[in-house]
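When the sequence shown is numbered by this note's numbering, its final residue is 182 and no position is left out of the sequence of numbers.
For every residue, glycine included, the Cβ atom is placed at its ideal position computed from N, Cα and C.
Since the structure comes first, as structure tokens, the remarks are kept for the end.
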Amino acid sequence: MDMTRSMNEQIVETLYHEAMELAEDVRGVFARGFAVPDGETTDVVRIALSIEGMRSTTRIMNLLAWLLNQRAYFNGELSAHQLLRRNRLVDDRPSESLYLDALEPETRALIAETERLHARVARLDAEWREQTGPADGAVHALQDRIAGAFTATA
Numbered sequence: 029m030d031m032t033r034s035m036n037e038q039i040v041e042t043l044y045h046e047a048m049e050l051a052e053d054v055r056g057v058f059a060r061g062f063a064v065p066d067g068e069t070t071d072v073v074r075i076a077l078s079i080e081g082m083r084s085t086t087r088i089m090n091l092l093a094w095l096l097n098q099r100a101y102f103n104g105e106l107s108a109h110q111l112l113r114r115n116r117l118v119d120d121r122p123s124e125s126l127y128l129d130a131l132e133p134e135t136r137a138l139i140a141e142t143e144r145l146h147a148r149v150a151r152l153d154a155e156w157r158e159q160t161g162p163a164d165g166a167v168h169a170l171q172d173r174i175a176g177a178f179t180a181t182a
């Protein structure tokens, strides 16, 4: 095994374990919820927990899917072609300050940590794609157009 593959494998493993720990933290925080001091949870807080919880969970699940595919490639379960065609990291949807402001500082920090991890993996994905080249330019162009249509309406 060459040094580059070994190093990449090590990076993927480290990121995978980090994402798994973060997934557990996200699950714990958003399952627990948050109550304001008088014991009542406001509508804004409930909405913020719901929206930012879903975003954080989705972000982590997308990261884990990407990392699991990388691991499958390193284990010989996917070819390089299969990996290139099927393992595209989904663009992140950043959190909204309106909702973040309603959450506890620890929860905001956890959300920021999921965003930072996504940014790190997105850089790896971009570098990897740049090195390997496009798998099927026409398919990816169509996927980008579809994704752009949904983002424009959101």
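Inter-residue Cα distance where the pair is residue i and residue j
{"i": "ARG184", "j": "HIS109", "result": "The chain is shown from 29 up to 182; residue 184 falls before or after that span and cannot be answered."}
{"i": "VAL57", "j": "ASN36", "result": "31 Å"}
{"i": "PRO65", "j": "ILE75", "result": "Residue placement at PRO65 is flagged as unreliable, the pLDDT there being 49, under the threshold of 50; a coordinate-derived value is accordingly withheld."}
{"i": "GLU141", "j": "LEU77", "result": "16 Å"}
{"i": "ALA147", "j": "ARG113", "result": "21 Å"}
{"i": "GLU80", "j": "SER123", "result": "7 Å"}
{"i": "VAL54", "j": "SER84", "result": "7 Å"}
{"i": "LEU50", "j": "ALA59", "result": "14 Å"}
{"i": "ARG116", "j": "TRP94", "result": "7 Å"}
{"i": "ASP119", "j": "ALA150", "result": "8 Å"}
{"i": "LEU126", "j": "GLU134", "result": "16 Å"}
{"i": "ALA137", "j": "ARG144", "result": "10 Å"}
{"i": "THR86", "j": "LEU111", "result": "21 Å"}
{"i": "VAL40", "j": "GLY104", "result": "15 Å"}
{"i": "ALA47", "j": "MET89", "result": "9 Å"}
{"i": "PHE178", "j": "THR70", "result": "31 Å"}
{"i": "VAL152", "j": "ILE139", "result": "Rather than Val, the amino acid found at residue 152 in this sequence is Leu. Taking the straight line from one Cα to the other gives about 20 Å."}
{"i": "ASN42", "j": "VAL72", "result": "The sequence shown places Thr at residue 42, rather than the Asn named in the question. Taking the straight line joining both Cα atoms gives about 36 Å."}
{"i": "GLY176", "j": "LEU91", "result": "21 Å"}
{"i": "LEU106", "j": "THR160", "result": "15 Å"}
{"i": "HIS45", "j": "ARG121", "result": "22 Å"}
Alpha helix (DSSP H) segment containing residue i, residue limits
{"i": "SER23", "result": "Residue numbering for the chain in the displayed model covers 29 to 182; residue 23 lies beyond these limits and cannot be assessed."}
{"i": "GLU134", "result": "133-160"}
Quick check: the segment 96-106 against the segment 121-132, are at least 3 beta-carbon pairs closer than 8 Å?
no
Contained alpha helix (DSSP H) runs [length at least 4] in the segment 46-111, N- to C-terminal order
71-102
Within 8 Å, do at least three Cβ pairs link the segment 149-156 to the segment 88-98?
yes
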